[in-house]
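Below: one structure, written as structure tokens.
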Amino acid sequence: MDVDYYVFTDAARFIYNGQSPYLRATYRYTPLLGWLLVPTAWQAANDYWFEFGKAVFVVCDLITGYLILRLLILMHKDTNWSLLWFFNPMVITISTRGSSESLLTAVVMAAVYRAVQRKNWQAGLWLGLAIHLKIYPFLYVPSILLFIDAGQPLWKPITRERVKFLLGVLVTFCGLTYLMFHWYGQVYLDEAFLYHLIRLDHRHNFSIYNISLYFTSFTGKSALFDGGFTLEKMAFLPQLALSAVLIPLRLCYGNYKPEVLVSSLFIQTFTFIAFNKVITSQYFVWFMCFLPVYLSLSTISLFKGVILLAGWIITQALWLYYGYRLEFRGEFDLFYSGLWTSATAMFIWNCVLIAEFIRDVTRKVKRD
696 MDVDYYVFTD AARFIYNGQS PYLRATYRYT PLLGWLLVPT AWQAANDYWF EFGKAVFVVC
756 DLITGYLILR LLILMHKDTN WSLLWFFNPM VITISTRGSS ESLLTAVVMA AVYRAVQRKN
816 WQAGLWLGLA IHLKIYPFLY VPSILLFIDA GQPLWKPITR ERVKFLLGVL VTFCGLTYLM
876 FHWYGQVYLD EAFLYHLIRL DHRHNFSIYN ISLYFTSFTG KSALFDGGFT LEKMAFLPQL
936 ALSAVLIPLR LCYGNYKPEV LVSSLFIQTF TFIAFNKVIT SQYFVWFMCF LPVYLSLSTI
996 SLFKGVILLA GWIITQALWL YYGYRLEFRG EFDLFYSGLW TSATAMFIWN CVLIAEFIRD
1056 VTRKVKRD
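So this is what it looks like as structure tokens:
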């Protein structure tokens, strides 16, 4: 079982007893998640209620898969690609062990589905909820804005439909955030948002910044506010420049095609994770929900695809090998030579993948 599931259920128990979910140490999420899992606190009547949250996450997995299927139908693509989500062992494992990522993917895919349907107000409402649940989906705002009224020049960005979409985003994000702040105070902002600016997670972290975070964690100072320069402080600059600005402009500007929009969201999410200062396996679910649509239009050959996938898996396996020897066996002699080298190899391979994905979508757009 995922340790986070105990965090969720403990927070839900505090809510059930009329207290703040933030009385549970390490609860770094919106109170909405705790509210959703309140039935897990009913276990005194029936121990099976403790598993309620896992059932919710599995249902969200199925909703995500259904929306992927509907998108493929809407785009006249082969619906068999949806099986990559429905039968993905990583997706199944992460949800059934009690991770909440599928709740987020369901909301994100609802926003994308409505955007593709040109129901921009509803798309904005769903995306605002997604950003409230976890901040990173704000990356999708530029791409969807460019997709809406795609023929509009950059120097004339304001249109009625774009305004409707943005208002929808603001209504749910600002409205829910204000309500949570009103009910739970500054601790909500500190834990759900500000904490992620200063987090120093160095265990089970695939990031190239892992070594720097490892040493910074021993100082007792935050990576953002310690008063000195550290490399990980600047991690967000290339990360946001690529994922929130350059990739949307390269792929979405002037493109009406929904499959290009979804492919851009896939590449943006993959890039955001690759350049993030904290990377764990469950983050991969964030981009996997876009993968079936992307692959439905991909021009990458089967042979090249196998090579790209093999490199991605091998670099992770190397990191896991050295990470295990450091974190579980305490073999510090391998710290620099093994862990840093494998993290660097994984980062470089991710950059290769990003470049190939962008070339692939660009080729498809030019060919059509």
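Its first residue numbered 696, the sequence shown is counted upward by one per residue in our numbering. Glycine included, C-beta positions come from ideal geometry on N, C-alpha and C. Computed from a predicted model, the values in this text were never measured in an experiment.
If you draw a straight line from the Cα of lysine 859 to the Cα of glutamate 1051, it is about 34 Å long. If the five residues before and after threonine 759 are omitted, its C-beta is found closer than 8 Å to the C-beta atoms of Trp780, Ser797, Thr800, Ala801, Met804 and Cys984, all from its own chain and listed in chain order.
Counting only runs that start and end inside the segment 941-973, the alpha helix (DSSP H) elements of at least 4 residues fall at 942-947 and 953-969. Distances from the CA of alanine 939 to each of Leu834, Pro953 and Glu746 were compared; the closest alpha carbon is that of Leu834.
Separation of serine 795 and leucine 874 (C-alpha to C-alpha, rounded to the nearest whole angstrom) is 22 Å. For valine 1056, same chain residues with a beta-carbon under 6 Å away, outside a window of 5 residues either side, are Leu946 and Ser958 in chain order.
Collapsing the DSSP output to three states places tryptophan 850 in coil.
The way I'd put it, the segment 984-996 does touch the segment 766-775; three or more beta-carbon pairs between them come closer than 8 Å.
One alpha carbon belongs to alanine 930, the other to isoleucine 768, and they sit about 38 Å apart. DSSP, reduced to helix, strand and coil, places arginine 723 outside both helices and strands of the structure shown, so it counts as coil. Assignment of threonine 975 by DSSP, reduced to helix, strand and coil, places it in the coil class. A straight line joining the alpha-carbon of tyrosine 904 with that of isoleucine 974 spans about 10 Å. When the alpha-carbon of threonine 867 is set against those of Tyr701, Gly793, Phe752 and Ile826, the nearest one is in Ile826. Glutamine 934 carries a helical assignment under DSSP once its states are collapsed to helix, strand and coil.
In the DSSP assignment, cysteine 984 falls outside any alpha helix (DSSP H), carrying neither H nor E. A residue is called buried once 16 or more other Cβ atoms fall within 10 Å of its Cβ, and tryptophan 1044 is buried on that count.
Sequence-distant Cβ neighbours of tryptophan 1035 in its own chain, meaning closer than 7 Å and more than five residues away, are Ile906. With fewer than 16 other beta carbons inside 10 angstroms of its own, lysine 1061 counts as exposed. For tyrosine 879, the enclosing alpha helix (DSSP H) covers residues 855-879. In terms of CA proximity to phenylalanine 842, Gln812 leads the group Ile830, Val864, Gln812 and Gly863. Rounded to the nearest whole angstrom, the C-alpha separation of threonine 966 and methionine 1041 is 13 Å. DSSP, reduced to helix, strand and coil, places asparagine 900 outside both helices and strands of the structure shown, so it counts as coil. Between leucine 728 and phenylalanine 703, the gap from beta carbon to beta carbon is short of 8 Å.
With respect to tyrosine 711, alanine 736 sits close: the two C-beta atoms are nearer than 8 Å. Check the Cα spacing between tryptophan 1014 and each of Ser976, Glu954 and Leu871: the tightest is with Ser976. At a Cβ-Cβ threshold of 8 Å, tyrosine 883 and proline 726 count as neighbours. In the three-state DSSP reduction, threonine 994 falls in the coil class, being neither helix nor strand. The three-state secondary structure of aspartate 756, taken from DSSP, is helix.
Along the length of the segment 797-838, whole alpha helix (DSSP H) runs at least 4 residues long occupy 815-828, reported in chain order. Taken atom to atom, the span from the alpha-carbon of arginine 809 to that of tyrosine 1017 is near 44 Å.
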